[in-house]
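Engineer: The letter at position 120 of the sequence shown is residue 120 when you use full-length UniProt numbering, and the numbering goes up by one with no holes. Glycine included, C-beta positions come from ideal geometry on N, C-alpha and C.
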Amino acid sequence: MRKLLIVQKGAKVIVLPEFTTTLAPNSADGFLKFAEEIRDLTRIYDQNLPKITEITTGGCIFVKSIVRPSYDYEEHRDLTPGVDLRIFDTPMCKIGLGLCCDIRYQLEVQIYCQIGCKLLLYPGAFNTVIGRAQLAVMQRARAIDDQVYLVTASPARDCNHSYNCWGCSSIIDSWGRIVAQAGENDKVIFANIDLDYVDEKRTDLYRVRNIGAEGKRCS
Numbered sequence: 001m002r003k004l005l006i007v008q009k010g011a012k013v014i015v016l017p018e019f020t021t022t023l024a025p026n027s028a029d030g031f032l033k034f035a036e037e038i039r040d041l042t043r044i045y046d047q048n049l050p051k052i053t054e055i056t057t058g059g060c061i062f063v064k065s066i067v068r069p070s071y072d073y074e075e076h077r078d079l080t081p082g083v084d085l086r087i088f089d090t091p092m093c094k095i096g097l098g099l100c101c102d103i104r105y106q107l108e109v110q111i112y113c114q115i116g117c118k119l120l121l122y123p124g125a126f127n128t129v130i131g132r133a134q135l136a137v138m139q140r141a142r143a144i145d146d147q148v149y150l151v152t153a154s155p156a157r158d159c160n161h162s163y164n165c166w167g168c169s170s171i172i173d174s175w176g177r178i179v180a181q182a183g184e185n186d187k188v189i190f191a192n193i194d195l196d197y198v199d200e201k202r203t204d205l206y207r208v209r210n211i212g213a214e215g216k217r218c219s
């Protein structure tokens with residue numbers, strides 16, 4: 001129902017947070033508890049989201065067949081990284097997708113930009129320490145680096161849960177300004193994506209040359 005109301009307000013792209021269907025686990029037991037027993041990874045979305053013509057993206061889903069018990073959970077060891085960049089060609093523009101700590105890597109953003117992306121989406125679930133100290137800075141830096149709109153989508157904070165997410169989902173324009181931001185609580189935020197503004201800022205600023213991705217320059 002909420003998604004339908006969001007569409008009725010004119011949303012063309014909906015960004016869901018990391019851990020879209022679960023609480024954010026911070027232990028191996030938590031991953032096992034919330035892992036989905038499904039063969040088709042799209043089914044969990046099809047069951048819960050009405051089929052409407054806008055674009056919906058979300059964070060990760062844990063599948064039971066690939067979650068291993070571990071008494072000494074370490075994210076960098078127990079989670080398997082992807083192998084490809086995720087780019088969506090849409091009627092609006094090319095959209096690049098990263099997940100959580102991907103936002104740390106300026107080179108990834110640069111490649112997305114050189115391929116032609118003007119909007120980048122980063123579902124994530126940073127904790128309150130990293131969120132306050134680093135994500136708040138990194139999200140603006142990545143938007144400024146390559147003059148793109150950037151969205152970070154986080155679960156709301158739940159202080160009764162063992163893992164406290166930072167929250168504060170944000171939409172940043174290509175000049176690094178926060179044009180919409182949630183607080184720590186559950187909230188839907190909206191913003192218009194001005195693609196002409198992206199082009200204007202890319203023209204204004206010097207861009208680095210091609211580093212091997214498609215396209216010669218971002219401008």
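1) Using DSSP with H/G/I as helix, E/B as strand and the rest coil, what is Arg140?
2) In its own chain, which residues sit with a C-beta less than 8 Å from the C-beta of Gly176, not counting the 5 before and 5 after it?
3) Please confirm whether Ala153 and Val7 have their CB atoms less than 8 Å apart.
4) Kindly indicate which three-state DSSP category Ala191 falls into: helix, strand or coil?
5) Ignore the nearest five residues each way along the sequence and tell me which others in Lys201's own chain have a CB closer than 7 Å to its CB.
6) On a Cα-Cα basis, can you pick out the residue from Ile103, Tyr112, Leu85, Gly116 that is closest to Gly131?
7) Less than 8 Å between C-beta atoms, sequence neighbours within five positions excluded: which residues of the same chain meet that for Val83?
8) Which ranges does the alpha helix (DSSP H) cover as unbroken runs of at least 4 residues, wholly within the region 80-117, from first to last along the chain?
9) In or out: Leu5 buried (at least 16 other Cβ within 10 Å) or exposed?
10) Can you tell me which of the three DSSP states Gln181 falls into?
Structural biologist: Answer, in terms of the structure:
1) helix
2) Arg140, Ala141, Ala143, Ile144
3) no
4) In this structure, DSSP gives Ala191 a state outside helix and strand, which the three-state scheme calls coil.
5) Gln147, Ser174, Trp175
6) Shortest Cα-Cα distance from Gly131 to any of Ile103, Tyr112, Leu85, Gly116 involves Ile103.
7) none
8) 106-115
9) exposed
10) In this structure, Gln181 counts as strand in the three-state DSSP scheme.
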